[in-house]
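K.L.:
In this note's numbering, the protein residues as written are 525 to 614.
Handing you a structure now.
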């Protein structure tokens with residue numbers, strides 16, 4: 525997978541329609557050149573839903589998990605994998 529970062533872009537606006545259009549244009553440009561779009565700092569379901577509507581491919585942030593050490597993340601993935609396996613076997 526190819527990726528790029530434009531860093532954190534801050535917009536100061538009260539025109540949310542224009543702001544959302546600018547974000548969507550960035551995502552569209554990334555997709556046109558074969559890149560995936562990852563949103564950082566997603567904290568609410570409303571943010572997640574809006575980003576999904578805009579074509580965001582992936583997201584990370586407190587909505588999904590607080591930052592955790594690598595060993596905790598590995599344990600979480602292993603537990604999830606075990607639960608998927610047991611569901612398939614039932």
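Even glycine gets a Cβ: it sits at the ideal position worked out from N, Cα and C.
Keep in mind it's a predicted model, so treat the numbers as computed, not measured.
1) Measuring straight from C-alpha to C-alpha, what distance separates residue 576 and residue 613?
2) Counting only runs that start and end within the region 527–585, where is the alpha helix (DSSP H) found for 4 or more residues in a row?
3) Could you give the DSSP three-state label for residue 587: helix, strand or coil?
4) Mind checking which residues open and close the alpha helix (DSSP H) that includes residue 614?
5) How many angstroms separate the CA atom of residue 572 from the CA atom of residue 561?
6) For residue 592, I'd like the list of residues in its chain whose CB is within less than 8 Å of its CB, leaving aside the five on either flank, ordered along the chain.
P.N.:
Here's the rundown:
1) For the pair residue 576 and residue 613, the Cα-to-Cα distance works out to about 32 Å.
2) 540–556 and 569–577
3) Secondary structure at residue 587: coil, using DSSP grouped into helix, strand and coil.
4) Residue 614 -> no alpha helix (DSSP H), and no H or E assigned at all.
5) 13 Å
6) Residues 600 of the same chain have their beta carbon placed closer than 8 Å to that of residue 592, with the five preceding and five following residues left out of the count.
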